[in-house]
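Take a look at the structure set out below.
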Amino acid sequence: MVRPRLTTVAIILALLIAAVLWLKAEHTPVEAIKVAQTFITHLGEHEYPQAYELTVRRAYVGTTANELANISKQQFCKVNHMVSTSPFQSNGNRLRRWLSEQEVEMPEIRVEFEGGACLLGVTVNNTAAGWRVSKFASHAG
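One point on numbering: in our numbering, the residue at position 33 of the sequence shown is 34, and numbering is uninterrupted.
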(Lines of atoms letter the chains of each structure in order from A and count residues from 1; the text may use other names and numbers.)
(Lines give C-alpha, C1' and ligand atoms only; values in the text may rest on other atoms or scores of the structure.)
Protein backbone atom coordinates (compact mmCIF):
# COMPACT_ATOMS: atom_id res chain seq x y z
CA MET A 1 0.00 0.00 0.00
CA VAL A 2 2.89 2.37 0.75
CA ARG A 3 4.68 1.45 -2.48
CA PRO A 4 1.98 2.74 -4.88
CA ARG A 5 1.79 6.04 -2.96
CA LEU A 6 5.55 6.53 -3.12
CA THR A 7 5.53 5.78 -6.83
CA THR A 8 2.71 8.28 -7.39
CA VAL A 9 4.49 10.96 -5.35
CA ALA A 10 7.75 10.32 -7.24
CA ILE A 11 5.98 10.61 -10.61
CA ILE A 12 4.23 13.85 -9.61
CA LEU A 13 7.49 15.28 -8.29
CA ALA A 14 9.33 14.35 -11.50
CA LEU A 15 6.59 15.95 -13.61
CA LEU A 16 6.73 19.15 -11.53
CA ILE A 17 10.51 19.35 -11.89
CA ALA A 18 10.26 18.75 -15.65
CA ALA A 19 7.57 21.46 -15.95
CA VAL A 20 9.67 24.01 -14.06
CA LEU A 21 12.73 23.22 -16.19
CA TRP A 22 10.69 23.54 -19.39
CA LEU A 23 9.15 26.85 -18.29
CA LYS A 24 12.59 28.32 -17.58
CA ALA A 25 14.22 26.91 -20.74
CA GLU A 26 15.04 29.24 -23.63
CA HIS A 27 12.67 29.28 -26.57
CA THR A 28 14.43 28.92 -29.93
CA PRO A 29 12.86 31.24 -32.54
CA VAL A 30 13.12 28.75 -35.41
CA GLU A 31 11.35 30.83 -38.08
CA ALA A 32 13.38 33.98 -37.35
CA ILE A 33 16.62 31.99 -37.50
CA LYS A 34 15.56 30.34 -40.76
CA VAL A 35 14.91 33.73 -42.40
CA ALA A 36 18.27 35.09 -41.18
CA GLN A 37 20.12 31.99 -42.45
CA THR A 38 18.37 32.10 -45.83
CA PHE A 39 19.19 35.81 -46.11
CA ILE A 40 22.93 35.30 -45.50
CA THR A 41 22.97 32.30 -47.85
CA HIS A 42 21.57 34.49 -50.63
CA LEU A 43 24.08 37.25 -49.85
CA GLY A 44 26.94 34.75 -49.88
CA GLU A 45 25.87 33.54 -53.31
CA HIS A 46 25.37 37.12 -54.58
CA GLU A 47 21.64 36.48 -55.05
CA TYR A 48 20.65 40.02 -54.11
CA PRO A 49 17.08 40.04 -55.48
CA GLN A 50 16.26 36.89 -53.47
CA ALA A 51 17.91 38.33 -50.34
CA TYR A 52 16.10 41.62 -50.85
CA GLU A 53 12.74 39.79 -50.83
CA LEU A 54 13.47 38.81 -47.21
CA THR A 55 14.00 42.40 -46.01
CA VAL A 56 11.81 45.21 -44.69
CA ARG A 57 13.15 47.37 -47.56
CA ARG A 58 14.35 50.34 -45.53
CA ALA A 59 17.57 52.27 -45.07
CA TYR A 60 19.69 49.69 -43.20
CA VAL A 61 19.16 47.04 -45.89
CA GLY A 62 18.50 49.35 -48.81
CA THR A 63 15.40 50.28 -50.70
CA THR A 64 16.39 48.28 -53.79
CA ALA A 65 18.29 45.05 -54.47
CA ASN A 66 21.16 47.13 -55.90
CA GLU A 67 21.41 49.16 -52.68
CA LEU A 68 21.42 45.89 -50.73
CA ALA A 69 24.29 44.66 -52.91
CA ASN A 70 26.30 47.83 -52.14
CA ILE A 71 25.61 47.58 -48.39
CA SER A 72 26.54 43.90 -48.52
CA LYS A 73 29.97 44.71 -49.94
CA GLN A 74 30.70 46.72 -46.78
CA GLN A 75 28.87 44.69 -44.12
CA PHE A 76 28.72 41.05 -45.20
CA CYS A 77 31.33 38.50 -44.16
CA LYS A 78 31.40 34.75 -44.71
CA VAL A 79 30.01 32.85 -41.75
CA ASN A 80 29.46 29.16 -41.20
CA HIS A 81 27.26 28.72 -38.12
CA MET A 82 24.78 30.44 -35.83
CA VAL A 83 26.05 31.35 -32.38
CA SER A 84 23.10 32.86 -30.52
CA THR A 85 19.85 34.77 -30.55
CA SER A 86 18.75 37.64 -28.35
CA PRO A 87 16.86 38.81 -26.42
CA PHE A 88 16.28 35.74 -24.25
CA GLN A 89 12.70 34.50 -24.14
CA SER A 90 11.71 31.55 -21.98
CA ASN A 91 8.98 29.04 -22.72
CA GLY A 92 7.27 30.28 -19.55
CA ASN A 93 7.24 33.86 -20.83
CA ARG A 94 5.67 32.73 -24.09
CA LEU A 95 3.03 30.73 -22.18
CA ARG A 96 2.27 33.72 -19.92
CA ARG A 97 1.90 36.01 -22.95
CA TRP A 98 -0.34 33.49 -24.72
CA LEU A 99 -2.58 33.05 -21.65
CA SER A 100 -2.96 36.84 -21.30
CA GLU A 101 -3.79 37.05 -25.04
CA GLN A 102 -0.73 39.16 -25.85
CA GLU A 103 1.46 38.76 -28.93
CA VAL A 104 3.68 35.74 -28.20
CA GLU A 105 6.46 36.47 -30.70
CA MET A 106 9.09 39.06 -29.90
CA PRO A 107 8.89 42.12 -32.18
CA GLU A 108 12.62 41.94 -32.98
CA ILE A 109 15.27 39.24 -32.69
CA ARG A 110 19.00 39.48 -33.30
CA VAL A 111 20.65 36.36 -34.72
CA GLU A 112 24.44 36.14 -34.40
CA PHE A 113 26.56 34.13 -36.81
CA GLU A 114 30.26 33.31 -36.69
CA GLY A 115 32.85 32.25 -39.22
CA GLY A 116 36.62 32.39 -39.24
CA ALA A 117 37.56 35.81 -37.91
CA CYS A 118 34.09 37.25 -38.51
CA LEU A 119 30.91 37.88 -36.55
CA LEU A 120 27.74 38.86 -38.37
CA GLY A 121 24.60 40.11 -36.66
CA VAL A 122 21.27 39.91 -38.47
CA THR A 123 18.26 41.67 -36.97
CA VAL A 124 14.87 40.31 -37.99
CA ASN A 125 11.52 41.92 -37.27
CA ASN A 126 8.16 40.26 -36.81
CA THR A 127 5.97 41.92 -39.45
CA ALA A 128 2.52 41.23 -40.86
CA ALA A 129 4.29 39.48 -43.75
CA GLY A 130 6.32 37.28 -41.37
CA TRP A 131 9.92 37.61 -40.22
CA ARG A 132 11.92 40.12 -42.29
CA VAL A 133 15.54 41.30 -42.09
CA SER A 134 15.80 44.92 -40.98
CA LYS A 135 19.54 45.21 -40.40
CA PHE A 136 22.77 43.25 -40.75
CA ALA A 137 26.36 44.08 -40.00
CA SER A 138 29.70 42.43 -39.41
CA HIS A 139 31.35 43.41 -36.15
CA ALA A 140 34.24 42.72 -33.83
CA GLY A 141 33.80 40.14 -31.09
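Think of the CB as a built atom: it goes at the ideal place given N, C-alpha and C, for glycine as much as any other residue.
If you're wondering where the values come from, they're calculated on a predicted model, not measured in any experiment.
Determine the burial state of Gly117: buried for a count of at least 16 other Cβ atoms within 10 Å of its Cβ, exposed for fewer. Position 116 of the sequence shown, counted from the start, is the residue given in the question as residue 117. Exposed is the call here.
With distances taken Cα to Cα, identify the nearest neighbour of Arg111 among Lys25, Arg4, His47 and Ala33. Working through the sequence shown from its first residue, we reach residue 111 at position 110. The shortest Cα separation from Arg111 among Lys25, Arg4, His47 and Ala33 belongs to Ala33.
Have a look at the DSSP bridge pairing and note the partners of Phe137. Taking the first residue of the sequence shown as 1, we reach residue 137 at position 136. For Phe137, which the question treats as bridged, DSSP gives the partners Val123.
Write down every uninterrupted run of the beta strand (DSSP E) in the stretch 33 to 89 whose length is 3 residues or greater and which is fully enclosed by it, in chain order. 82 to 87
Report yes if the C-beta distance between Val36 and Val125 is below 8 Å; otherwise report no. Position 35 of the sequence shown, counting from 1, holds the residue named residue 36. Position 124 of the sequence shown, counting from 1, holds the residue named residue 125. Result yes, Cβ atoms of Val36 and Val125 sit closer than 8 Å.
Thinking Ala26 and Asn92 are a contact (beta carbons under 8 Å), I'd like their distance in whole angstroms, please. To locate residue 26, count along the sequence shown from 1; it is residue 25. To locate residue 92, count along the sequence shown from 1; it is residue 91. Confirmed, about 5 Å.
DSSP on Thr29, reduced to helix/strand/coil? The count along the sequence shown starts at 1 and reaches residue 29 at position 28. Of the three classes helix, strand and coil, the one that applies to Thr29 here is coil, per DSSP.
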